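Engineer: Taken in sequence, the protein lines are chains A and B. Oh and the first sequence: position 111 is 111 in our numbering, straight run, nothing missing. Oh and the second sequence: position 155 is 1155 in our numbering, straight run, nothing missing.
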Amino acid sequence: MNRMIKKFTLDNDNMLGFLLLLPLLVVILGLIVYPLFSVIWLSLNEKTLGMPLQFVGFRNFFALVRNEIFYKTVLNTFLYTIVGVFFKLFYGMIIALFLNQQFRARNYVRGFLLLPWAVPAIVSSLTWRWIYDDMNGVLNFILMKLHIFDLPVCWLANASTALPSVMAVSIWRHAPFFGITLLAALQSIPKELYEAADVDGASKWQKFWNVDLPGISAVLTVVTLIGIIWTFNEFQIVYVLTNGGPAHASEVFSTLSYQTGIKSLRLGEAAAISLMFLPFIGILITITTNWLLRKE
Amino acid sequence: MTIVNGKFKRITNSIRFIVILVLLLVIALFPFYWMLVTSIRSDAEVYQTKQSLMPKTVTTFQYKKLLTTTNFLIYFRNSLMVAVSTTLIALIIGFPAAFTLTFLRVRGGKLIARFVFFAYLVPPILVFIPMFSLVNSLRLTNTLFSLVLTYLTFSVPFVTWLLLSYFRSIPTSLMDAALIDGCTKFATMRLIVLPLSGPGVATAGIFAFTLAWNEFLFALTFVTSDKLRTIPVGISGLIMGDVYQWGMIMASAIMASIPAIVFYIIAQRFVISGLTAGSVKG
Chain A
1 MNRMIKKFTL DNDNMLGFLL LLPLLVVILG LIVYPLFSVI WLSLNEKTLG
51 MPLQFVGFRN FFALVRNEIF YKTVLNTFLY TIVGVFFKLF YGMIIALFLN
101 QQFRARNYVR GFLLLPWAVP AIVSSLTWRW IYDDMNGVLN FILMKLHIFD
151 LPVCWLANAS TALPSVMAVS IWRHAPFFGI TLLAALQSIP KELYEAADVD
201 GASKWQKFWN VDLPGISAVL TVVTLIGIIW TFNEFQIVYV LTNGGPAHAS
251 EVFSTLSYQT GIKSLRLGEA AAISLMFLPF IGILITITTN WLLRKE
Chain B
1001 MTIVNGKFKR ITNSIRFIVI LVLLLVIALF PFYWMLVTSI RSDAEVYQTK
1051 QSLMPKTVTT FQYKKLLTTT NFLIYFRNSL MVAVSTTLIA LIIGFPAAFT
1101 LTFLRVRGGK LIARFVFFAY LVPPILVFIP MFSLVNSLRL TNTLFSLVLT
1151 YLTFSVPFVT WLLLSYFRSI PTSLMDAALI DGCTKFATMR LIVLPLSGPG
1201 VATAGIFAFT LAWNEFLFAL TFVTSDKLRT IPVGISGLIM GDVYQWGMIM
1251 ASAIMASIPA IVFYIIAQRF VISGLTAGSV KG
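(1) Using DSSP with H/G/I as helix, E/B as strand and the rest coil, what is residue 1045 of chain B?
(2) Nearest-angstrom Cα distance between residue 183 of chain A and residue 1249 of chain B?
(3) How long is the line joining the alpha carbons of residue 208 of chain A and residue 94 of chain A, rounded to whole angstroms?
(4) Looking at residue 141 of chain A: is its Cβ nearer than 9 Å to the Cβ of residue 1051 of chain B?
(5) In chain order, what residues of the stretch 1136-1147 of chain B put their CB closer than 7 Å to some CB of chain A?
(6) At what residue ranges does the stretch 1150-1199 of chain B contain a whole run of the alpha helix (DSSP H), taking only runs of 4 or more?
(7) Between which residues of its own chain and residue 1276 of chain B is the CB-CB distance below 7 Å, once the five residues before and five after are set aside?
(8) Measuring CA to CA, which of B/1252, B/1107 and B/1193 is closest to residue 1067 of chain B?
(9) Return the Cβ separation of residue 85 of chain A and residue 227 of chain A in integer angstroms, given the expectation that the two are a contact with Cβ distance under 8 Å.
(10) Quick check: what's the CA-CA separation for residue 1007 of chain B versus residue 1015 of chain B?
(11) At the level of alpha carbons, what is the spacing between residue 1171 of chain B and residue 1152 of chain B?
(12) CA-CA distance, residue 1112 of chain B and residue 284 of chain A?
(13) With distance defined between alpha-carbon atoms, name the residue in A/24, A/31 and A/277 nearest to residue 1131 of chain B.
(14) According to DSSP, residue 46 of chain A sits in a beta bridge with which residue or residues?
(15) Taking C-beta to C-beta, are residue 1134 of chain B and residue 108 of chain A nearer than 9 Å?
(16) Nearest to residue 180 of chain A by CA position, among A/163, A/220 and A/165, is which residue?
(17) Hey, out of A/162, A/25, A/23 and A/40, whose CA is closest to residue 249 of chain A's CA?
(18) For residue 1244 of chain B, which three-state DSSP category applies?
(19) Rounded to whole angstroms, what's the CA-CA distance from residue 224 of chain A to residue 1013 of chain B? Just pull it up for me.
(20) Is there contact between the stretch 67-85 of chain A and the stretch 160-179 of chain A, where contact requires at least three CB pairs shorter than 8 Å?
(21) Chain B beta carbons: is any one of them nearer than 9 Å to that of residue 129 of chain A?
(22) Nearest to residue 1262 of chain B by CA position, among A/42, A/62, A/78 and A/115, is which residue?
(23) If I measure Cβ to Cβ from residue 154 of chain A and keep anything under 7 Å in the same chain, skipping five residues before and after, which residues do I get?
(24) For residue 970 of chain B, name the three-state secondary structure that DSSP assigns.
(25) Examine chain A for any beta-carbon lying closer than 9 Å to the beta-carbon of residue 1040 of chain B, and answer yes or no.
(26) Whole angstroms is fine: what's the gap from residue 160 of chain A's alpha carbon to residue 231 of chain A's?
(27) Contact criterion: CB-CB distance below 9 Å. Does residue 298 of chain A meet it with respect to chain B?
(28) Measure the CB-CB distance between residue 254 of chain A and residue 234 of chain A and report whether it falls below 9 Å.
(29) I want to see whether chain A comes within less than 9 Å of residue 1114 of chain B, judged by CB atoms only; does it?
(30) How should residue 1222 of chain B be labelled, buried or exposed, when 16 other C-beta atoms within 10 angstroms of its C-beta is the threshold for buried?
(31) Using the Cβ count rule (16 or more neighbours within 10 Å means buried), how would you classify residue 57 of chain A?
(32) Just checking my contact of residue 236 of chain A with residue 1216 of chain B at CB under 8 Å: how many whole Å lie between their CB atoms?
(33) What do you get for residue 1198 of chain B, buried or exposed, if any count of 16 or more other CB atoms within 10 angstroms of its CB means buried?
(34) Touch check for the stretch 1089-1101 of chain B and the stretch 1153-1171 of chain B: three-plus C-beta pairs under 8 Å?
(35) Taking just the CA atoms, how far does residue 1102 of chain B sit from residue 1182 of chain B?
(36) Under the three-state reduction of DSSP, which class applies to residue 1058 of chain B: helix, strand or coil?
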């Protein structure tokens, strides 16, 4: 009898639960899983808008691996990600350690430091494009005033400075997020650990390595993983600042995919580009999900 | 001697503190200062060869130009409509889903919860190509509805995930008490969970709104008519002309930041908990 009731309520849960979950499942299956799978199919076809698909096998992939621009893009994307995430973490850590001290108006300072991350990305991208402007940009103005440069630098139009300039904006925008997340982790470290370290006569540096870092290692792992996924797929900042130029000097995976698929309307080839990067992103997402849900 | 040393150390410490503080603040805030200064200057002053870091004149000229010669107000309205609709639909879908995954025992519940997070991490750039042909075949290109529909891909998983971690803080004893009193499971959602989840829903809503307000890639791809553009794509279009109108563009940047900053101030104390969504607690 008891068992029957239990079974009944369980089924009841299942029925109600199914109904309540249905919209979520529709969204996930229809708008995320279906597109992910259709990328695979699309990549094996030639597709022009309004025309039926035309199966071409692996031709899109062959076209890619023979394309120099694709290699340049792969290199740029990894450079953008590795250097970007490193400095986001580094600068974020500085922000976190600084805010982890007691001082007056700390909450206001925290609010101000988080501002680059709080405004829409379009605002930071446009503002920085104006700051980098070669004719009237304030960056050149300041650098020339301080006699660091004699001539204005074309930050975004120069093949050697374009990618680093874009990276700097991405770091400026995202580092505060890392900082604030790491700060939350730092503040959850028990005070006793610091007291114990003081008793042992540990220096600041030793405290950082032996108390701070182990205390935030879990959060550090997660923000690093999420940071890699975000940075790897960043589109807007690159698109607005350089659109991958000049001559693909700052081309990354997302801008190449956009250019190929939407501007040139070669959807099959664009799908192939996505697919080349899919394994890497897929593995990262899986690792992140597993890591986050490991305790459950 | 040690006293002098101690005092000396205190002074150098506080100098170091101030230097770092100023440096961090300048790096974070200078672009905003420059945005503001540019937006209140006349064109002549924006483009003069002898620049100055301080504003000499204050004019609302750039704002007037923005509001009268561009579609900025239409972009603003479009953004508002899309962001509000997205937020509401995401909450309507996400709330019952999170309730189910937290309080009901459903087969495969854990797997679905994992899927929700997975879905949140799938970057739009991976799916926007097939979505583009999907939107095309549904004949939804150039509609605001196409944006609301596709924005659900990130807002629904995000809202669900955030509420999921919020609901875990609601004691199950409350639920048990209600069930013993003869409440149905569905009624507990309405009578117990909903009234208790105000802050959670507010946080989720604010974040969903912000994500939709800031979205760029889908808005750029699925909408081509200027009258249907949202703010991010609309104002990025202002730089495509032959003549850069940086004064006006910076005015638009200021205007576009206002809703985000207002929300940010309201939500600041939720920000950290929201960002980490209770899952990064380590």
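Don't be surprised by glycine CBs; every beta carbon is placed ideally from N, CA and C. This structure is a prediction, so every number in the text was calculated from the model and none was measured.
Structural biologist: In this structure, then:
(1) Mapped onto the second sequence, residue 1045 of chain B falls at position 45. The three-state reading of DSSP puts residue 1045 of chain B in helix, counting H, G and I together.
(2) As a working mapping, residue 183 of chain A is identified with position 183 in the first sequence. As a working mapping, residue 1249 of chain B is identified with position 249 in the second sequence. Near 34 Å, if we compare the C-alpha coordinates of residue 1249 of chain B and residue 183 of chain A.
(3) Indexing the first sequence from 1 puts residue 208 of chain A at position 208. Indexing the first sequence from 1 puts residue 94 of chain A at position 94. Going from the Cα of residue 208 of chain A to the Cα of residue 94 of chain A covers about 12 Å.
(4) Taking the first residue of the first sequence as position 1, residue 141 of chain A is located at position 141. Taking the first residue of the second sequence as position 1, residue 1051 of chain B is located at position 51. Here residue 141 of chain A is near residue 1051 of chain B, since their CB atoms are less than 9 Å apart.
(5) 1136
(6) 1172-1180 and 1185-1188
(7) Locating residue 1276 of chain B in the second sequence gives position 276, counting from the first residue. With a pLDDT of only 47 at residue 1276 of chain B, under the threshold of 50, the placement of this residue in the model should not be trusted; the figure read from the coordinates follows. Answer for residue 1276 of chain B: no residue qualifies.
(8) Walking along the second sequence from the start, residue 1067 of chain B turns up at place 67. Of the candidates B/1252, B/1107 and B/1193, the one whose C-alpha sits nearest the C-alpha of residue 1067 of chain B is B/1252.
(9) Translated into positions along the first sequence, residue 85 of chain A becomes position 85. Translated into positions along the first sequence, residue 227 of chain A becomes position 227. Confirmed, Cβ separation roughly 5 Å.
(10) As a first step, residue 1007 of chain B is located in the second sequence; it is residue number 7 there, counting from the start. As a first step, residue 1015 of chain B is located in the second sequence; it is residue number 15 there, counting from the start. Straight-line Cα distance between these residues: approximately 12 Å.
(11) Within the second sequence, numbered from 1, the residue matching residue 1171 of chain B stands at position 171. Within the second sequence, numbered from 1, the residue matching residue 1152 of chain B stands at position 152. Going by C-alpha positions, residue 1171 of chain B is about 30 Å away from residue 1152 of chain B.
(12) Here the question's residue 1112 of chain B lines up with position 112 in the second sequence. Here the question's residue 284 of chain A lines up with position 284 in the first sequence. Answer to the nearest angstrom: the Cα atoms are 19 Å apart.
(13) Counting from 1 along the second sequence, the entry for residue 1131 of chain B is found at position 131. It is A/31.
(14) Reading the first sequence from its first residue, position 46 is the one you call residue 46 of chain A. According to DSSP, which records beta bridges pairwise, residue 46 of chain A is partnered with A/54.
(15) Indexing the second sequence from 1 puts residue 1134 of chain B at position 134. Indexing the first sequence from 1 puts residue 108 of chain A at position 108. In this structure, residue 108 of chain A does not lie closer than 9 Å to residue 1134 of chain B by Cβ.
(16) Here the question's residue 180 of chain A lines up with position 180 in the first sequence. When only C-alpha atoms are compared, the closest one is A/220.
(17) Looking up residue 249 of chain A in the first sequence gives position 249. That would be A/162, whose Cα lies nearest to the Cα of residue 249 of chain A.
(18) Residue numbering aside, residue 1244 of chain B sits at position 244 when the second sequence is read from its first letter. Coil, per DSSP.
(19) Reading the first sequence from its first residue, position 224 is the one you call residue 224 of chain A. Reading the second sequence from its first residue, position 13 is the one you call residue 1013 of chain B. In a straight line, the C-alpha of residue 224 of chain A is about 31 Å away from that of residue 1013 of chain B.
(20) yes
(21) Numbered from 1 along the first sequence, position 129 holds the residue referred to as residue 129 of chain A. Yes, its Cβ sits closer than 9 Å to a Cβ of chain B.
(22) Within the second sequence, numbered from 1, the residue matching residue 1262 of chain B stands at position 262. When only C-alpha atoms are compared, the closest one is A/115.
(23) Counting from 1 along the first sequence, the entry for residue 154 of chain A is found at position 154. For residue 154 of chain A, where only same-chain residues beyond five positions count, the Cβ hits under 7 Å are 134.
(24) Since the displayed chain B opens at 1001 and closes at 1282, residue 970 of chain B lies outside it and no answer follows.
(25) Taking the first residue of the second sequence as 1, we reach residue 1040 of chain B at position 40. Not closer than 9 Å to any Cβ of chain A, the Cβ of residue 1040 of chain B fails to qualify, so no.
(26) Against the first sequence, residue 160 of chain A aligns to sequence position 160. Against the first sequence, residue 231 of chain A aligns to sequence position 231. For residue 160 of chain A and residue 231 of chain A, the distance between alpha carbons rounds to 20 Å.
(27) One cannot answer for residue 298 of chain A here, as it falls past the ends of chain A, which runs 1 to 296.
(28) Counting from 1 along the first sequence, the entry for residue 254 of chain A is found at position 254. Counting from 1 along the first sequence, the entry for residue 234 of chain A is found at position 234. In this structure, residue 234 of chain A lies closer than 9 Å to residue 254 of chain A by Cβ.
(29) By 1-based counting over the second sequence, the position of residue 1114 of chain B is 114. Interface residue, yes.
(30) In the second sequence, the residue the question calls residue 1222 of chain B occupies position 222. By the neighbour-count rule (16 or more Cβ atoms within 10 Å), residue 1222 of chain B is buried.
(31) Locating residue 57 of chain A in the first sequence gives position 57, where the first residue counts as 1. It is exposed - the Cβ of residue 57 of chain A has fewer than 16 other Cβ atoms within 10 Å.
(32) Sequence index remark: in the first sequence, residue 236 of chain A carries index 236 (1-based). Sequence index remark: in the second sequence, residue 1216 of chain B carries index 216 (1-based). Correct: roughly 4 Å between the Cβ atoms.
(33) Within the second sequence, numbered from 1, the residue matching residue 1198 of chain B stands at position 198. Flag for residue 1198 of chain B reads exposed.
(34) yes
(35) Residue numbering aside, residue 1182 of chain B sits at position 182 when the second sequence is read from its first letter. Residue numbering aside, residue 1102 of chain B sits at position 102 when the second sequence is read from its first letter. Rounded to the nearest angstrom, the two C-alpha atoms are 20 Å apart.
(36) Counted from its first residue, the second sequence places residue 1058 of chain B at position 58. Residue 1058 of chain B falls in the coil class under three-state DSSP.
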